[in-house]
Amino acid sequence: MSTPPPGDRESPNATGQPSATALLIQRHLSAPRLATYVRATDGDLDRAVELYLWNAAVAGALWEVLNHVEVVLRNVLHDALTARHQRLGRTGQWYGDPTRELSQHARDDISRAKQRLQRAGAPLLPGKIVAELSFGFWRFLLARRYTASLWPALRPAFRYLPGSDRRLLEAPVARLHVLRNRVAHHEPLLAEPLGDRYTDLLQIVGFVHPQLCGWLDTHNRLLATLAQRP
214 MSTPPPGDRE SPNATGQPSA TALLIQRHLS APRLATYVRA TDGDLDRAVE
264 LYLWNAAVAG ALWEVLNHVE VVLRNVLHDA LTARHQRLGR TGQWYGDPTR
314 ELSQHARDDI SRAKQRLQRA GAPLLPGKIV AELSFGFWRF LLARRYTASL
364 WPALRPAFRY LPGSDRRLLE APVARLHVLR NRVAHHEPLL AEPLGDRYTD
414 LLQIVGFVHP QLCGWLDTHN RLLATLAQRP
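When you read off a place in the sequence shown, starting at 1, and then add 213, the result is the number in the numbering used here.
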């Protein structure tokens, strides 16, 4: 996030009152929306607006990295479940759930994904359906209820996972699911341990392949944006 030179930037006046621009922004964004940032800057509205803009920049940078991780995660899970489905001699696609192994919530998610595609006039191809399923859907495929059924087939997809404990993967994915929801709802990220969440992001793709971890670490703007906190 670029910062205007001091001479080009409107500042509070000598009495410590907020600038006209800050007041205008507060009026149109709403005081409640800026309240977290005002508290974080000890009541300095101009600094609060800067912090709000930084938070938005961090959210954008996070969204990019989260999307990369989500695509990697869903693709490796889809591939592993497809291979399992074929090994078991089942017809159709794994998400057709012929033996009703998935939870009702998961089946509902799949039905809604198909309905959205149909409304859009899109073909119900596997790639389309997989892409339409939410991050939460994939997160809950790693839940305890699937330890004996799905996890043995999913574990080999994460060949660099240190051990066979499902929770080693589920825990960082669950934390990122919570963070993703906060970003999607434009919530303040000031209190989030974003350095730790960045580690989670790298760890998940690293469980698939270390080169993915290196690629993601190199091609993102999150750390640079975090360092620009006003």
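C-beta: ideal position from N, C-alpha, C; glycine also.
Inset, instruction - Flag this pair as touching only if the stretch 337-356 and the stretch 370-377 have three or more C-beta atom pairs under 8 Å; answer yes or no. - result: The stretch 337-356, when compared against the stretch 370-377, does not touch it at the 8 Å Cβ threshold.
Inset, instruction - Return the residue from the list Ala397, Leu275, Gly340 and His318 that minimises the CA-CA distance to Gln306. - result: Residue numbering aside, residue 306 sits at position 93 when the sequence shown is read from its first letter. The shortest Cα separation from Gln306 among Ala397, Leu275, Gly340 and His318 belongs to Gly340.
Inset, instruction - Inspect the beta-carbon positions of Tyr411 and Leu436 and report whether they are closer than 8 Å. - result: Translated into the one-based positions of the sequence shown, residue 411 becomes position 198. Translated into the one-based positions of the sequence shown, residue 436 becomes position 223. Closer than 8 Å, so yes.
Inset, instruction - Indicate the three-state DSSP secondary structure (helix, strand or coil) for Arg420 in the structure shown. - result: Locating residue 420 in the sequence shown gives position 207, where the first residue counts as 1. In the sequence as presented, Arg is not what sits at residue 420; that position holds Phe. Helix at Phe420.
Inset, instruction - Would you tell me roughly how many angstroms separate the C-alpha atoms of Val251 and Arg320, rounded to the nearest one? - result: For the purposes of this step, residue 251 is taken as residue 38 along the sequence shown, with counting starting at 1. For the purposes of this step, residue 320 is taken as residue 107 along the sequence shown, with counting starting at 1. Taking the straight line joining both Cα atoms gives about 44 Å.
Inset, instruction - In angstroms with no decimal places, state the Cα-to-Cα distance between Ala253 and Gly376. - result: For this step, residue 253 is matched to residue 40 along the sequence shown. For this step, residue 376 is matched to residue 163 along the sequence shown. Ala253 and Gly376: Cα-Cα distance of roughly 42 Å.
Inset, instruction - Flag this pair as yes or no: are the beta carbons of Ile342 and Pro385 separated by less than 8 Å? - result: Translated into positions along the sequence shown, residue 342 becomes position 129. Translated into positions along the sequence shown, residue 385 becomes position 172. Their beta carbons are not under 8 Å apart, which means Ile342 does not touch Pro385 by this criterion.
Legend entry - Proximal residues to Glu263 (C-beta, below 6 Å), its chain only, five neighbours per side dropped: Start at 1 with the first residue of the sequence shown, and residue 263 comes out as number 50. Contacts found: Pro443.
Inset, instruction - Go through the stretch 305-382 residue by residue and report every complete run of the alpha helix (DSSP H) that reaches 4 residues or more, in order. - result: 317-332, 339-345, 348-353 and 364-367
Legend entry - When His281, Pro401 and Ala296 are compared against Trp428, the one with the closest alpha-carbon: By 1-based counting over the sequence shown, the position of residue 428 is 215. Among His281, Pro401 and Ala296, the Cα nearest to that of Trp428 is on His281.
Legend entry - Environment of Glu283 [buried if 16+ CB atoms lie within 10 Å]: Translated into the one-based positions of the sequence shown, residue 283 becomes position 70. Buried.
Inset, instruction - Could you have a look at His399 and say whether DSSP puts it in helix, strand or coil? - result: Within the sequence shown, residue 399 is the residue found at index 186, counting from 1. His399: coil per DSSP, three-state reduction.
Inset, instruction - Please work out which residues of its chain come closer than 8 Å, Cβ to Cβ, to Ala272, disregarding the five sequence neighbours upstream and downstream, and give them in chain order. - result: In the sequence shown, counting from the first residue as 1, residue 272 sits at position 59. Here the set comprises Val396, His399 and Leu402.
Inset, instruction - Out of Asp413, Leu363 and Gln230, point me to the one whose CA is closest to Asp292's CA. - result: By 1-based counting over the sequence shown, the position of residue 292 is 79. When only C-alpha atoms are compared, the closest one is Leu363.
Legend entry - Among His241, Leu290, Tyr308 and Arg313, the one whose alpha carbon lies nearest that of Leu367: As a working mapping, residue 367 is identified with position 154 in the sequence shown. Among His241, Leu290, Tyr308 and Arg313, the Cα nearest to that of Leu367 belongs to Leu290.
Legend entry - Length of the line joining the Cα atoms of Val278 and Arg379: On the sequence shown, position 65 is the one that residue 278 refers to. On the sequence shown, position 166 is the one that residue 379 refers to. If I take the Cα positions, the gap works out to 23 Å.
Legend entry - Rounded separation between His301 and Ile238 - CA only: Translated into positions along the sequence shown, residue 301 becomes position 88. Translated into positions along the sequence shown, residue 238 becomes position 25. At residue 301 the sequence reads Leu, which differs from the His that was named. So the two alpha carbons sit approximately 60 Å from each other.
Legend entry - Residue from Gly419, Thr438 and His422 with nearest C-alpha to Gly202: Summary: the structure shown does not reach residue 202, with the chain confined to residues 214 through 443, and so no result is reported for it.
Inset, instruction - Determine the DSSP secondary structure at Gly229, reduced to helix, strand or coil. - result: Locating residue 229 in the sequence shown gives position 16, where the first residue counts as 1. Coil.
Legend entry - Whole-angstrom distance between His432 and Arg260, CA atom to CA atom: Along the sequence shown, one-based indexing puts residue 260 at 47. Along the sequence shown, one-based indexing puts residue 432 at 219. Looking at the two C-alpha atoms, the distance is approximately 30 Å.
Inset, instruction - Might you give, ordered along the chain, the residues of its own chain that have their beta carbon closer than 8 Å to the beta carbon of Arg329, omitting 5 neighbours on each side? - result: Counted from its first residue, the sequence shown places residue 329 at position 116. The residues are Glu345.
Inset, instruction - Going by CA-CA distance only, name the one from Leu354, Trp351, Arg393 and Phe420 that's closest to Trp276. - result: Indexing the sequence shown from 1 puts residue 276 at position 63. Answer by Cα proximity: Arg393.
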